[in-house]
Amino acid sequence: MWKITLSTILFFIVFPVLAQKDIDTIQQLNLLRSKVVEGDTVPHISLHEVKVPAPWKFKNKRQRIRYSKLVRNVKKTLPYARLAHYRIQQLELALDTVEGDKAKKEFIRASEKALFDEFEAPLKKLTFSQGRMLIKLIDRETGETSYQLIKDLKGGFSAFMWQSVARLFGSNLKSEYEQDGDDAMIEHIVMLIDNGVL
0 MWKITLSTIL
10 FFIVFPVLAQ
20 KDIDTIQQLN
30 LLRSKVVEGD
40 TVPHISLHEV
50 KVPAPWKFKN
60 KRQRIRYSKL
70 VRNVKKTLPY
80 ARLAHYRIQQ
90 LELALDTVEG
100 DKAKKEFIRA
110 SEKALFDEFE
120 APLKKLTFSQ
130 GRMLIKLIDR
140 ETGETSYQLI
150 KDLKGGFSAF
160 MWQSVARLFG
170 SNLKSEYEQD
180 GDDAMIEHIV
190 MLIDNGVL
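Quick note on numbering that gives the first Met the number 0: the sequence shown kicks off at 0 and runs consecutively.
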């Protein structure tokens with residue numbers, strides 16, 4: 000009798016654990032499209048396009064030095080630009096759930112304070128050229144200039160004030176990213192970073 004009781008207790012203890020493992024295994028499965036080739040099922044996986052840029056051809060030593068500086072500046076600022084794009088998307092989604100203009104202004108003010116607390120110290124360490132690079136890369140990542148982003152979120156007067164401060168330091172929040180123009184070298188560096196070369 001004790002064997003039956005022990006077996007029953009073990010069944011009720013072990014079976015739920017095994018069932019949980021099966022559920023975890025099912026949740027980890029990835030379904031793939033497949034093709035049947037000559038009676039054999041072959042997985043069909045679509046890969047993302049990877050652009051492989053040709054090595055940059057330098058006209059002179061001065062351009063090589065400029066390229067090296069750009070690599071350093073892009074590596075330093077690109078993560079901030081991508082994080083800015085992500086945070087702006089989050090903020091826009093959150094703003095859609097907030098009711099009323101006053102509540103939206105308070106939410107934007109609280110978000111701005113949180114961002115200042117988080118990023119003020121690291122962004123103060125950027126050089127002037129890295130700051131200008133960040134402005135261009137934010138335009139590249141978001142599709143809007145920094146001036147337009149501030150205007151959309153904080154209003155025209157605030158955008159004007161920040162633009163005035165930026166102009167004092169030789170920057171322009173209205174700078175646009177020209178992928179095929181002046182910023183072709185930066186675009187080349189960004190592609191190399193995305194490909195894992197730099």
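For every residue, glycine included, the Cβ atom is placed at its ideal position computed from N, Cα and C.
DSSP places residue 34 in the strand class (E or B) of the three-state scheme.
Nearest Cα to residue 45 within the set 63, 32, 190 and 116: 32. Beyond the five residues adjoining it in sequence on each side, residue 197 comes within less than 8 Å, by CB distance, of 70, 74, 188 and 191 in the same chain, given in chain order.
If you draw a straight line from the Cα of residue 157 to the Cα of residue 177, it comes to about 26 Å. For the pair of segments examined, the stretch 136-143 was found not to touch the stretch 90-106: the number of CB pairs separated by less than 8 Å stays below three. By the 16-neighbour rule on beta-carbons within 10 angstroms, residue 132 is buried.
By the Cβ-count criterion, residue 72 is buried, with 16 or more other Cβ atoms from all chains shown falling within 10 Å of its own Cβ. DSSP places residue 52 outside any alpha helix (DSSP H), giving it a letter other than H or E. Between residue 173 and residue 141, the C-beta gap is not smaller than 7 Å, which leaves the two residues out of contact. DSSP places residue 39 in the uninterrupted beta strand (DSSP E) bounded by 39-43. At a Cβ-Cβ threshold of 7 Å, residue 170 and residue 130 count as neighbours. Distances from the CA of residue 165 to each of 146, 155 and 83 were compared; the closest alpha carbon is that of 146.
Of the candidates 162, 128, 118 and 159, the residue whose Cα lies closest to the Cα of residue 65 is 128.
With a threshold of 16 other beta carbon atoms within 10 Å, residue 162 meets it and is buried. Burial check for residue 76: the Cβ neighbour count within 10 Å reaches 16 or more, so the residue is buried. When DSSP assignments are scanned along the stretch 87-175, the uninterrupted stretches of alpha helix (DSSP H) that are 4 or more residues long and fall wholly within it turn out to be 100-123, 127-141, 145-153 and 155-167. Counting the other Cβ atoms within 10 Å of the Cβ of residue 151 gives fewer than 16, which makes it exposed. At a Cβ-Cβ threshold of 7 Å, residue 34 and residue 43 count as neighbours.
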